[in-house]
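> In the working numbering, the protein residues as written are 1412 to 1567.
All C-beta atoms in this analysis are idealised placements derived from N, C-alpha and C, irrespective of residue type, glycine included.
Next comes the structure, spelled out in structure tokens:
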């Protein structure tokens, strides 16, 4: 419903790997996510020639060990490039003002200019088209909560 293409993948079983390989071919791509989720393992499944170093998640902390320490641009055998990035512990956008946050949520865009007040922040105002769309199920409540957290500067 949000307009994003979603692929279900498993580096362990190989499920969806061929479809993902095709999606990356001929393009410049970035793989990003939390430490230990299997970014490098997935890239190795897509292109075994990459031979990226991987480790299991720590048994003590149940978190990734930050095996990938620098972002590297890697050529893919089938054409295109991929950047394998180190794992992230938190998400914190730099130099983003609260007024810019709505533009990063593409599913909110159709509603942004339909509010009663032109300076609506879509967080507490009455007659807010975004809040109304959440209330009647046209927008996902969890995505709206993420929007509110980012607007408030809460990046944890």
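Comparing C-alpha positions only, which one of 1516, 1539, 1556, 1561 sits nearest to residue 1415?
Position 4 of the chain shown, counting from 1, holds the residue named residue 1415. Taking only the C-alpha atoms, the option nearest residue 1415 is 1516.
> Look at the alpha carbon of residue 1482 and the alpha carbon of residue 1438, and state the distance between them as a whole number of angstroms.
Along the chain shown, read from residue 1 onward, the residue named residue 1482 stands at position 71. Along the chain shown, read from residue 1 onward, the residue named residue 1438 stands at position 27. Near 17 Å, if we compare the C-alpha coordinates of residue 1438 and residue 1482.
> With the cut-off set at 8 Å, would you say residue 1574 and residue 1427 are in Cβ contact?
With the chain represented from 1412 up to 1567, any question about residue 1574 goes unanswered, as that position is not in the structure.
> On a Cα-Cα basis, can you pick out the residue from 1453, 1558, 1429 that is closest to residue 1508?
Working through the chain shown from its first residue, we reach residue 1508 at position 97. Comparing Cα positions, the closest option is 1558.
> Quick check on the DSSP output: the beta strand (DSSP E) that includes residue 1507 runs from which residue to which?
Start at 1 with the first residue of the chain shown, and residue 1507 comes out as number 96. That residue, residue 1507, is in no beta strand (DSSP E); it is neither H nor E in DSSP.
> Take residue 1470 and list the residues in its own chain whose beta-carbon comes closer than 8 Å to its own, dropping the five residues that flank it on each side.
One-based indexing of the chain shown puts residue 1470 at position 59. Once the five neighbours on either side are set aside, residue 1470 has no close Cβ partner at all.
> Just the Cα atoms here: how many angstroms apart are residue 1433 and residue 1535?
Here the question's residue 1433 lines up with position 22 in the chain shown. Here the question's residue 1535 lines up with position 124 in the chain shown. Going by the C-alpha atoms only, they are around 44 Å apart.
> The beta strand (DSSP E) with residue 1440 in it runs from where to where?
As a first step, residue 1440 must be located in the chain shown, where it is residue number 29. Note, residue 1440: beta strand (DSSP E), 1439 to 1442.
> Taking the alpha helix (DSSP H) that residue 1431 falls in, what are its first and last residues?
The residue labelled residue 1431 in the question sits at position 20 within the chain shown. Unbroken alpha helix (DSSP H) run through residue 1431: 1428 to 1435.
> Would you tell me roughly how many angstroms separate the C-alpha atoms of residue 1487 and residue 1423, rounded to the nearest one?
Along the chain shown, read from residue 1 onward, the residue named residue 1487 stands at position 76. Along the chain shown, read from residue 1 onward, the residue named residue 1423 stands at position 12. Straight-line Cα distance between these residues: approximately 20 Å.
> On the CB-based measure, 16 or more other CB atoms within 10 Å of its CB, does residue 1533 come out buried or exposed?
On the chain shown, residue 1533 is found 122 positions in, with the first residue counted as 1. Buried.
> Using a 10 Å radius around the Cβ and a threshold of 16 neighbouring Cβ atoms, would you call residue 1447 buried or exposed?
In the chain shown, residue 1447 corresponds to position 36, counting from 1. By the 10 Å Cβ count, residue 1447 comes out buried.
> In angstroms, rounded to a whole number, what distance separates the CA positions of residue 1511 and residue 1464?
Mapped onto the chain shown, residue 1511 falls at position 100. Mapped onto the chain shown, residue 1464 falls at position 53. If you take the alpha carbons of residue 1511 and residue 1464, they lie about 38 Å apart.
> Output the distance between the C-alpha atoms of residue 1457 and residue 1540, rounded to the nearest integer angstrom.
Position 46 of the chain shown, counted from the first residue, corresponds to residue 1457. Position 129 of the chain shown, counted from the first residue, corresponds to residue 1540. Rounded to the nearest angstrom, the two C-alpha atoms are 42 Å apart.
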